[in-house]
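So the protein lines, in turn, are chains A and B. Note that our numbering has the first sequence beginning at 1, numbered continuously upward. Note that our numbering has the second sequence beginning at 193, numbered continuously upward. Idealized CB from N, CA, C, for every residue including glycine. Remember, predicted model here, so these are calculated numbers, not experimental data. Working notes, beginning with the structure itself.
Number of protein chains: 2
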Amino acid sequence: MTGVTPEDARIAALAAGHFHEHGITATGVDALSRAAGISKRTLYQRFGSKDGLIAAAYESLDLPVFQMFTQAVEAQTDDPRAQLEAFFAQLEPLIRSPGFRGCPFTNASAELADPLHPAHAVVRRHKERIRRWLLSRARAAGASNPEQLSRQLMLVFAGVQSQALLERSARPARDACDLVRALIDAAITPGR
Amino acid sequence: MTGVTPEDARIAALAAGHFHEHGITATGVDALSRAAGISKRTLYQRFGSKDGLIAAAYESLDLPVFQMFTQAVEAQTDDPRAQLEAFFAQLEPLIRSPGFRGCPFTNASAELADPLHPAHAVVRRHKERIRRWLLSRARAAGASNPEQLSRQLMLVFAGVQSQALLERSARPARDACDLVRALIDAAITPGR
Chain A
1 MTGVTPEDAR
11 IAALAAGHFH
21 EHGITATGVD
31 ALSRAAGISK
41 RTLYQRFGSK
51 DGLIAAAYES
61 LDLPVFQMFT
71 QAVEAQTDDP
81 RAQLEAFFAQ
91 LEPLIRSPGF
101 RGCPFTNASA
111 ELADPLHPAH
121 AVVRRHKERI
131 RRWLLSRARA
141 AGASNPEQLS
151 RQLMLVFAGV
161 QSQALLERSA
171 RPARDACDLV
181 RALIDAAITP
191 GR
Chain B
193 MTGVTPEDAR
203 IAALAAGHFH
213 EHGITATGVD
223 ALSRAAGISK
233 RTLYQRFGSK
243 DGLIAAAYES
253 LDLPVFQMFT
263 QAVEAQTDDP
273 RAQLEAFFAQ
283 LEPLIRSPGF
293 RGCPFTNASA
303 ELADPLHPAH
313 AVVRRHKERI
323 RRWLLSRARA
333 AGASNPEQLS
343 RQLMLVFAGV
353 QSQALLERSA
363 RPARDACDLV
373 RALIDAAITP
383 GR
């Protein structure tokens, strides 16, 4: 976000938490302004509309979530293949954490039925940021088709979070790790 | 559903369509009863509450969606491996259809934040029904670990629909087909 005041950022982050925990439509502007300690009028002045606030909320999650998924992995190892595996290995503890509610971006994409809602572009930008990180590791690891591998890893990334939420189980995270290893093997071995 | 009257079934199916098209929370009971041509009071008498109607709506989708995904595939080929591939091949035309909004069951699981909501059990039952269909084909195709393969295919099934909705693209469907072929190869080849 550019030109965002600290007060905008505080309200957007608060809204993001409520949207993710309770659902976007289920979270009223009344409850949000009360929780933020501001009037509804001030909320609308800052964000224009509830839809503007929704877009700002997911915008405020973009970098923190990206960094949560990548920084610990990068600190752990320099090997690109090991980084890809570590990226998926961190999902099991995340899924086991009490507040796990799936991927906030995937959930927002599913809940906001209007394809023109401004939050969809924010969601796509976030997912593309993660895909590019996976792509650079796939390329460095010597994948024969790194673009395709990065897109397939994104399918697994979305699928594991949805399936774990639905099943209320961490087993999809372990299945995903095995699946990702097989995928990387298949992508890297041929022609080497 | 057992003990469901034709009128209950008609209203549940109508509600399922609205929930999937517009979102569950975004669909009010007022609009639903108007669309069904009944009073709000009658709606509550039949389903107890909006939550009861939500559970009945997804229950009414369970078998039709399962049959949509499996019957054409079974008519197409008897070969279990070919059936697994055909199951995923049918996703691209589905994703390209104008009303595509992702998987209704995955979306409901994401939107209904209360883990005790009665619809979650309906969603799990539906997904388990599909997983068992995939499992029986994985077993017949000679997969070394058919349980694991069926669970991994469920990850791909959830991931491809989420990612296609998010990207507004059918490319995830093609990536999923390649991924599924590689997964089946890896599951079937070893030790044969």
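Cβ-Cβ distance between residue 255 of chain B and residue 365 of chain B below 8 Å: Against the second sequence, residue 255 of chain B aligns to sequence position 63. Against the second sequence, residue 365 of chain B aligns to sequence position 173. Result no, Cβ atoms of residue 255 of chain B and residue 365 of chain B do not sit closer than 8 Å.
CA nearest to the CA of residue 300 of chain B, picked from B/205, B/216 and B/231: On the second sequence, position 108 is the one that residue 300 of chain B refers to. For residue 300 of chain B, the nearest C-alpha among the options comes from B/216.
For residue 383 of chain B, the three-state DSSP class (helix, strand or coil): For the purposes of this step, residue 383 of chain B is taken as residue 191 along the second sequence, with counting starting at 1. In this prediction, residue 383 of chain B scores a pLDDT of 49, lower than 50, which makes its location untrustworthy; the coordinate-derived value is nonetheless stated afterwards. Here residue 383 of chain B sits in coil by DSSP.
Classification of residue 199 of chain A by the beta-carbon crowding that lies within 10 angstroms, buried from 16 upward: No answer is possible for residue 199 of chain A: the residues shown for chain A start at 1 and end at 192.
Segment contact, 8 Å Cβ cut-off, at least three pairs: the stretch 230-241 of chain B with the stretch 270-286 of chain B: no
Proximal residues of chain B, C-beta to C-beta of residue 21 of chain A below 7 Å: For the purposes of this step, residue 21 of chain A is identified with residue 21 of the first sequence, where counting begins at 1. In chain order: 305.
Helix, strand or coil at residue 211 of chain B according to DSSP, with G and I counted as helix: The count along the second sequence starts at 1 and reaches residue 211 of chain B at position 19. Looking at residue 211 of chain B - three-state DSSP - the assignment turns out to be helix.
Exposure of residue 154 of chain A, with buried meaning 16 or more beta-carbon neighbours within 10 Å: Residue 154 of chain A sits at position 154 when you count from the first residue of the first sequence. Residue 154 of chain A should be labelled buried.
At least three beta-carbon pairs within less than 8 Å, the stretch 54-74 of chain A to the stretch 116-129 of chain A: yes
Secondary structure of residue 290 of chain B, DSSP reduced to three states: On the second sequence, residue 290 of chain B is found 98 positions in, with the first residue counted as 1. DSSP places residue 290 of chain B in coil when its eight states are reduced to three.
Nonlocal neighbours in the same chain, by C-beta distance under 8 Å from residue 100 of chain A, ignoring five residues either side: Locating residue 100 of chain A in the first sequence gives position 100, where the first residue counts as 1. So the list reads 94, 164 and 165, once near-sequence residues are dropped.
For residue 365 of chain B, three-class secondary structure by DSSP: Here residue 365 of chain B refers to the residue found at position 173 when the second sequence is read from its first residue. The answer is helix: DSSP assigns residue 365 of chain B an H, G or I state.
Cβ contact (3+ pairs, closer than 8 Å) linking the stretch 256-265 of chain B and the stretch 67-85 of chain A: no
Presumed contact (8 Å Cβ cut-off) between residue 80 of chain A and residue 141 of chain A, rounded CB distance: Position 80 of the first sequence holds residue 80 of chain A. Position 141 of the first sequence holds residue 141 of chain A. Right, their Cβ atoms sit about 4 Å apart.
Collapsed DSSP secondary structure at residue 116 of chain A in the structure displayed: In the first sequence, the residue the question calls residue 116 of chain A occupies position 116. Here residue 116 of chain A sits in coil by DSSP.
Close beta carbons around residue 161 of chain A, own chain, < 6 Å, minus the five adjacent residues each side: If you number the first sequence from 1, residue 161 of chain A lands on position 161. Cβ neighbours of residue 161 of chain A beyond the five flanking positions: 102 and 103.
Under 8 Å by beta carbon: chain B residues contacting residue 29 of chain A: By 1-based counting over the first sequence, the position of residue 29 of chain A is 29. Here the premise fails: no neighbours, minimum Cβ distance about 14 Å.
Between the CA atoms of residue 16 of chain A and residue 143 of chain A - distance to the nearest angstrom: Residue mapping note: residue 143 of chain A aligns to position 143 of the first sequence, counting from 1. Residue mapping note: residue 16 of chain A aligns to position 16 of the first sequence, counting from 1. If I take the Cα positions, the gap works out to 36 Å.
Contacts that residue 298 of chain B makes with chain A (C-beta to C-beta distance below 8 Å): The residue given as residue 298 of chain B occupies position 106 in the second sequence. Here the neighbours are 110, 162 and 166.
Below-8 Å beta-carbon distance, residue 156 of chain A vs any chain B residue: Taking the first sequence and counting its residues from 1, one reaches residue 156 of chain A at position 156. Yes, residue 156 of chain A lies at the interface with chain B (some Cβ there is under 8 Å from its Cβ).
DSSP-derived helix/strand/coil call for residue 337 of chain B: On the second sequence, position 145 is the one that residue 337 of chain B refers to. The answer is coil: DSSP assigns residue 337 of chain B none of H, G, I, E or B.
Residue 343 of chain B at chain A interface by Cβ criterion, 8 Å: On the second sequence, residue 343 of chain B is found 151 positions in, with the first residue counted as 1. Closer than 8 Å to some Cβ of chain A, the Cβ of residue 343 of chain B qualifies, so yes.
Short-range partners of chain B found in the stretch 133-149 of chain A, where Cβ spacing is below 8 Å: 148
Residue-chain proximity (residue 183 of chain A, chain B), Cβ-Cβ < 8 Å: The count along the first sequence starts at 1 and reaches residue 183 of chain A at position 183. Yes, residue 183 of chain A counts as interfacial toward chain B.
Beta-carbon gap between residue 275 of chain B and residue 329 of chain B smaller than 8 Å: Within the second sequence, the letter at position 83 stands for residue 275 of chain B. Within the second sequence, the letter at position 137 stands for residue 329 of chain B. Yes, the Cβ-Cβ distance between residue 275 of chain B and residue 329 of chain B is below 8 Å.
Chain B within 8 Å of residue 26 of chain A, Cβ atoms only: Reading the first sequence from its first residue, position 26 is the one you call residue 26 of chain A. Yes - at least one Cβ of chain B is within 8 Å of the one on residue 26 of chain A.
Inter-residue Cα distance where the pair is residue 115 of chain A and residue 123 of chain A: By one-based count along the first sequence, residue 115 of chain A stands at place 115. By one-based count along the first sequence, residue 123 of chain A stands at place 123. Computed Cα separation, rounded: 12 Å.
6 Å CB neighbourhood of residue 341 of chain B in its chain, flanking five on each side removed: To locate residue 341 of chain B, count along the second sequence from 1; it is residue 149. These residues qualify, in order along the chain: 330, 335 and 379.
Integer-rounded CB distance, given that residue 369 of chain B should sit under 8 Å from residue 280 of chain B: The residue given as residue 280 of chain B occupies position 88 in the second sequence. The residue given as residue 369 of chain B occupies position 177 in the second sequence. Between residue 369 of chain B and residue 280 of chain B the Cβ distance is about 5 Å, and since that is below 8 Å, they are a contact.
Residue nearest to residue 193 of chain A in terms of C-alpha spacing, selected from A/33, A/185 and A/19: Residue 193 of chain A is absent from the structure shown; chain A starts at 1 and stops at 192.
Alpha carbon of residue 243 of chain B to alpha carbon of residue 206 of chain B, nearest angstrom: For the purposes of this step, residue 243 of chain B is taken as residue 51 along the second sequence, with counting starting at 1. For the purposes of this step, residue 206 of chain B is taken as residue 14 along the second sequence, with counting starting at 1. Using only the alpha carbons, I get a separation of about 15 Å.
Listed by chain order, chain B residues near residue 127 of chain A by CB distance under 9 Å: Against the first sequence, residue 127 of chain A aligns to sequence position 127. In chain order: 355, 358 and 359.
Cα-Cα separation, residue 383 of chain B to residue 130 of chain A: Position 191 of the second sequence holds residue 383 of chain B. Position 130 of the first sequence holds residue 130 of chain A. Its pLDDT being 49, under 50, residue 383 of chain B is placed unreliably in this model, and the value from its coordinates should be taken loosely. Roughly 36 Å between the two C-alpha positions.
Rounded straight-line distance, which links the Cα of residue 195 of chain B to that of residue 42 of chain A: As a working mapping, residue 42 of chain A is identified with position 42 in the first sequence. As a working mapping, residue 195 of chain B is identified with position 3 in the second sequence. Spanning the two alpha carbons is a distance of roughly 52 Å.
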